[in-house]
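Q:
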Amino acid sequence: MREIHVDDIVSVVERLFIDANIHLPEMMYGAIRDAIEKERSPVGKEVLRELLTNADTAREERMPICQDTGLAVTFLEIGQDAHVVGGDLTEAVAEGVRRAYRNGYLRKSCCHPFTRKNTGDNTPPIIHTKIVPGDGMRITVLPKGGGSENYGEVRMLMPAEGKEGVRAFVLEMVRKGGPNPCPPIIVGVGIGGNFETSALLSKEALMVPVGKRSDDGELADMERGLLEEINATGIGPQGYGGTVTALDVHIKMAPCHLASLPVAVNIQCHAHRIREAIL
Amino acid sequence: MTTELKRITTPLADDVTGSLRAGEKVLLSGFIYTARDAAHKRFIETLDAGGELPFDIKGQVIYYCGPAPAPPGKVMGSCGPTTSSRMDVYAPRLISLGLKGMIGKGKRSEKVRDALREHRAVYLGATGGAGALIARTVVAAEVIAYEDLGPEAVMRLEVKDMPLFVINDVHGKDLYLEGVESYRK
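Chains A and B, in that order, are what the protein sequence lines are.
Position 16 of the first sequence, counted from 1, bears residue number 15 in numbering that gives the first Met the number 0, the numbering being contiguous throughout.
Position 66 of the second sequence, counted from 1, bears residue number 65 in numbering that gives the first Met the number 0, the numbering being contiguous throughout.
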């Protein structure tokens, strides 16, 4: 048994959210540089160059890459031999978020669904927990903007629709989003489980590094095929037309009910902000 | 881009909007006004009640944007565009009152596109997610209305060479349709 104090969780969550929002990951710099090489549209290339300049500017000025600093999505992988002490774990994450969005001058984008009144401090965060072997805690933050999140969907396909149904659904969602989710996008696909696990799998798929293929050969082939088809839609950077609409497609899959084929598509914008730390 | 960039200044005159072509990059300078969902709702409620908008809209440009707070010592926080389609229900009325330009991202409705043609107004695209880059082009910023809306308050921004792409011009051309058509396989 190892003890993890909530004060450490608060400070790590604060640091991760500020860092994630200001510093575009090196992986994304690389992905955008590659995209500039591949893009055939001059307007598309110009947009992609703006994204690199923007990321540099954000670093230099210490301000967020994108003003939509998102809802505070937080994944906690908690070792089964870890013991959280000193307070409430959920509140510790919320306090870290509160401090990050205040001290990091990040936009508070959380509101009441009907009145639209802002909660004022970007809480509550969206927290996903997983119990894993070990005595540590891995905290991953994924501040997620509304523009890309709005083009996600869970659909219960007929099992007979199979792989072709999944393919058609993903392409439908990408076309429906068009310019709105800020292409070039990253597409997360969750297949199987039940209604809610498919959605979570699609979010976890977004956390797979850009360029990494699924370990499952069949899924890796689907990822390659979908990426090619998405880039053939012509949507391009910002939807102004071009050959790079998506930077990558990731698929995660789990067994499902005999009667079901749940599929979720979650779209991420080019401002893919992700950071993790291990306590 | 190989072509020389065109510079335009607000307020926009009809000959300026008429000279813009879908797909070209322009650098915008002058005053623009931020407004998004909640502010637009209030604009329309105010007009319905016979009131006046918080600024004279003739020839002006509205930027669909809810900025991040300005860090200490900065004029402006990160301020990229939000998705314009949510303002489609309000835009034709504002265009008919003299609004000459809107800056945002994403497709507009047919009604908005029709209003652009009819009233010689344009829809300009700022690069979504390029909030820091755009913030650097803002030389002055002040909240002029609806402060209670927080990031959705109406701000008057003075911009210098804000980089934009013409999406819908007054001639009915649409970069989203034509650009995508050119690269579809």
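The beta carbon of each residue, even a glycine, is placed where N, CA and C say it ideally should be.
Just so it is clear, the structure is predicted and the values come from calculations on it, not from any experiment.
1. Short of 7 Å in beta carbon distance, which residues of its chain neighbour Gly127 (chain B), apart from the five on each side in sequence? Order them along the chain.
2. Smallest Cα separation from Pro68 (chain B): which of B:Leu174, B:Ala140 and B:Asp160?
3. Can you tell me whether Gly76 (chain B) is buried or exposed? The criterion is at least 16 other CB atoms within 10 Å of its CB, across all chains shown.
4. Quick check on the DSSP output: the beta strand (DSSP E) that includes Phe30 (chain B) runs from which residue to which?
5. Roughly how far, in whole angstroms, is the beta-carbon of Gly235 (chain A) from the beta-carbon of Ser10 (chain A), given that I think they are within contact range, below 8 Å?
6. Identify which residue in B:Val111, B:Leu96, B:Gly97 and B:Lys73 has its Cα closest to the Cα of Met86 (chain B).
7. Leaving out five residues before and five after Ile229 (chain A) in sequence, what residues of the same chain have Cβ atoms less than 6 Å from its Cβ?
8. Taking the alpha-carbon positions, what's the Lys29 (chain B) to Ile94 (chain B) distance?
9. Output needed in chain order: residues of the region 133-153 of chain A with a Cβ under 7 Å from some Cβ in chain B.
10. Does Gln267 (chain A) come within less than 8 Å of chain B when only Cβ atoms are used?
11. Put Tyr145 (chain B) into one of helix, strand or coil per three-state DSSP.
12. Below 7 Å CB to CB, which residues in the same chain sit around Gly171 (chain B) once its five sequence neighbours on both sides are set aside?
13. From the DSSP output, which residues share a beta bridge with Arg282 (chain A)?
14. Between the region 156-165 of chain A and the region 115-122 of chain A, do at least 3 Cβ pairs fall closer than 8 Å?
15. Can you give the Cα-Cα distance for Lys57 (chain B) and Pro182 (chain A), rounded to whole angstroms?
16. On the three-state DSSP scale, how would you describe His118 (chain B)?
17. Please classify Ile250 (chain A): does DSSP put it in a helix, a strand, or coil?
18. Could you give the residue range of the beta strand (DSSP E) that holds Glu2 (chain A)?
19. For the beta strand (DSSP E) containing Lys159 (chain B), name the first residue and the last one.
20. Pick out the complete alpha helix (DSSP H) segments inside the region 3-59 of chain A, 4 residues or longer, and give them in chain order.
21. When the cut-off is 8 Å and only beta carbons count, does Val42 (chain A) lie next to chain B?
22. Just to confirm before moving on: does the CB-CB distance between Tyr32 (chain B) and Val153 (chain B) stay below 8 Å?
23. Below 9 Å between beta carbons is the criterion; list the residues of the region 44-56 of chain A that meet it against any residue of chain B, in chain order.
24. Three-state secondary structure (DSSP) at Gln59 (chain B)?
25. Find the residues of chain A that neighbour Ala129 (chain B), judging by a C-beta separation of less than 7 Å, and give them in chain order.
26. If you check the beta carbons only, do Leu278 (chain A) and His249 (chain A) fall under 8 Å apart?
27. Taking 8 Å as the threshold (beta carbon to beta carbon), is Val158 (chain B) in contact with chain A?
28. For Tyr239 (chain A) and Leu257 (chain A), what's the separation of their Cα atoms in angstroms?
29. With a CB to CB cut of under 8 Å and the five nearest residues on each side skipped, what residues in its chain are close to Arg97 (chain A)?
A: This is what the structure gives:
1. Gly79, Pro80 and Lys104
2. B:Ala140
3. With 16 or more neighbouring CB atoms inside 10 Å of its own CB, Gly76 (chain B) falls in the buried class.
4. Lys24 to Thr33
5. The pair is not a contact, with the Cβ atoms about 41 Å apart (cut-off 8 Å).
6. Cα-wise, what sits closest to Met86 (chain B) is B:Val111.
7. By the criterion of a C-beta distance shorter than 6 Å, Ile229 (chain A) is surrounded in its chain by Val173, Thr244 and Ala245, once the five residues flanking it on both sides are discounted.
8. Note that residue 29 (chain B) is Gly in the sequence shown here, rather than Lys. C-alpha separation (whole angstroms): 19 Å.
9. Close to chain B, meaning a Cβ-Cβ distance shorter than 7 Å, are the following residues of the region 133-153 of chain A: Gly146.
10. No, its Cβ sits nowhere closer than 8 Å to a Cβ of chain B.
11. coil
12. If we look at Gly171 (chain B) and ignore the five residues flanking it on each side, its Cβ neighbours are Arg116.
13. Limits of chain A in this structure are 0 at one end and 278 at the other, which puts residue 282 (chain A) out of reach.
14. no
15. 33 Å
16. helix
17. strand
18. Note, Glu2 (chain A): beta strand (DSSP E), Arg1 to His4.
19. Val153 to Asn167 is the extent of the beta strand (DSSP E) around Lys159 (chain B).
20. You should have 5-21 and 25-37.
21. yes
22. Their beta carbons are under 8 Å apart, which means Tyr32 (chain B) touches Val153 (chain B) by this criterion.
23. Those would be Lys44, Glu45, Val46, Glu49, Leu50, Thr52, Asn53, Ala54, Asp55 and Thr56, in chain order.
24. Three-state DSSP puts Gln59 (chain B) in coil, outside helix and strand.
25. Chain A residues near Ala129 (chain B): Glu49, Leu50 and Asn53.
26. no
27. no
28. One C-alpha to the other measures close to 43 Å.
29. Within the same chain, Arg97 (chain A) has close Cβ partners Asp120, Asn121 and Thr122.
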